[in-house]
Each structure stands twice: as structure tokens, then as C-alpha cells.
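S.K.:
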Amino acid sequence: MSEALRAPGVPISPREEIGRRRRPPSEQSCYAALDLGTNNCRLLVATPSPRGFRVVEAYSRIVRLGEGLSQTGMLSDAAMDRSMAALKVCAEKIRRRKAIKIKAVATQACRGADNGAAFVQRVAEETGLRLQIITPREEAQLSVAGCMSLFDRNADAALVVDVGGGSTELSWVDLKGGGLDAKPRQFAAWKLP
8 MSEALRAPGV
18 PISPREEIGR
28 RRRPPSEQSC
38 YAALDLGTNN
48 CRLLVATPSP
58 RGFRVVEAYS
68 RIVRLGEGLS
78 QTGMLSDAAM
88 DRSMAALKVC
98 AEKIRRRKAI
108 KIKAVATQAC
118 RGADNGAAFV
128 QRVAEETGLR
138 LQIITPREEA
148 QLSVAGCMSL
158 FDRNADAALV
168 VDVGGGSTEL
178 SWVDLKGGGL
188 DAKPRQFAAW
198 KLP
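Residue numbers (our numbering): 8 to 200.
#1: Just the C-alpha distance for V96 and E133, rounded to the nearest angstrom, thanks.
#2: Starting from T45, trace the alpha helix (DSSP H) in both directions and tell me its first and last residue.
#3: I need the straight-line Cα distance from R58 to I107, nearest angstrom please.
#4: Per DSSP, S67 forms a beta bridge with which residues?
#5: Just grab the DSSP bridge partners of K110 for me.
#6: Per DSSP, I140 is paired with what?
#7: With distances taken Cα to Cα, identify the nearest neighbour of E145 among A164, S174, L94, S156.
#8: Return the residue from the list R89, F60, G44 that minimises the CA-CA distance to I141.
#9: Throw me the rounded Cβ distance for the V63 and R104 pair, which I believe falls under 8 Å.
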């Protein structure tokens, strides 16, 4: 894979993998996606394949990071410790798979907690993972991107509902004039408390 494809923000085309000699899974380029939510910590590690990506590692752990947040406005020590334990497992899996690009996000619990940014800093120091606290709109956009291939190819529009542990995002996607191959022409997202 060329150096340009490894640059941040440059999309990976699975077509470039077609016709190439297949490398063993341990040698293939891996990409990791980590989502630290209010209730769950999820990790997927995947390699490019002719039809998109093939998941080579998956991990999910209920961490209840947002436990007590609505009463105190803070992430509790117990919740941060549970989350940190799960994130250390994720960091080890990412290292073992030698992921060349990682997208690691934190959502509502870290967004809404007075100590959310401090926790993200602690995660970086203890695991090396650089979590990005994303906005509700960014969260909605990632949800839409993750399910675009599931939309009806003849649909004019789609409504994506992302029900999380601490927030719910509704996304209206206008698909007219190009189906799934077109970029959404209009995108609107709403966050419900």
C-alpha cells in the first residue's frame, strides 16, 4: 500500500487490493476503530478486502462510564477504572495487530462530564490511545457512514437513529439523485437528551 494511502484523512480503496498477492492476516495492513461510549467500549480491527473490510478483531465491554454522571456532573473513579481496564485491552489488541490507522472516539459521557477531558488525557498517558471527544453531529455522521451500505438502493431518503447510553442522535439523509453511490446532499442531525 502506498505511503499516500497511509496519510490521515485519505480514504482507502479496497479496489487497490484486488489483483495483489494476498498476504497472511498477520502481515496485512490493519485499521482500528474504537468507540468509548457512555455505557460500552467497542473496538473493531479490520483489513482491506475486495468488498470493503474484513474484521480480524472485535471487542466489546460494558463499562458504564456514565454511571452517576447525571447526578454529579463527573465521571466516577469506579467508572473510569472500569473503562481504563477495557481501554488497556483495546490498546494491546491494536498494538498486537499493528494497526496503521486508528480512529478512537469518546462520546456523551466524556462530552458532558466536567472531568471528561482530564480522563481522556489519563487514557493517553496510560494506554497511548488518543481519544477524540466528538460532537453529537460528528457522532451522527459516523453512524450514517457506518450504515450507508444497508440503505435501500431505491430510497429517496433515510432516517438513522443512533440510540446510545447517554444520547440519541437522529440523522435525516437525502439520497435522491445517485442512490448509495452519491454523497448525502442534505444532512441534518438532532440530539435527544
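Glycine included, each C-beta is placed from N, C-alpha and C at the ideal position.
M.R.: In short, the structure shows the following:
#1: Taking the first residue of the sequence shown as 1, we reach residue 96 at position 89. Taking the first residue of the sequence shown as 1, we reach residue 133 at position 126. Rounded to the nearest angstrom, the two C-alpha atoms are 12 Å apart.
#2: As a position in the sequence shown, residue 45 is number 38, starting the count at 1. Element bounds for T45: n/a, residue is neither H nor E.
#3: Walking along the sequence shown from the start, residue 58 turns up at place 51. Walking along the sequence shown from the start, residue 107 turns up at place 100. In a straight line, the C-alpha of R58 is about 20 Å away from that of I107.
#4: Counted from its first residue, the sequence shown places residue 67 at position 60. Answer is R49, bridged to S67.
#5: Position 103 of the sequence shown holds residue 110. Paired residues: A40.
#6: Along the sequence shown, read from residue 1 onward, the residue named residue 140 stands at position 133. According to DSSP, I140 bridges with A113.
#7: On the sequence shown, position 138 is the one that residue 145 refers to. It is S174.
#8: Translated into the one-based positions of the sequence shown, residue 141 becomes position 134. Checked all of R89, F60, G44; the closest Cα to I141 is G44.
#9: On the sequence shown, position 56 is the one that residue 63 refers to. On the sequence shown, position 97 is the one that residue 104 refers to. Sure, about 7 Å apart at Cβ, within 8 Å.
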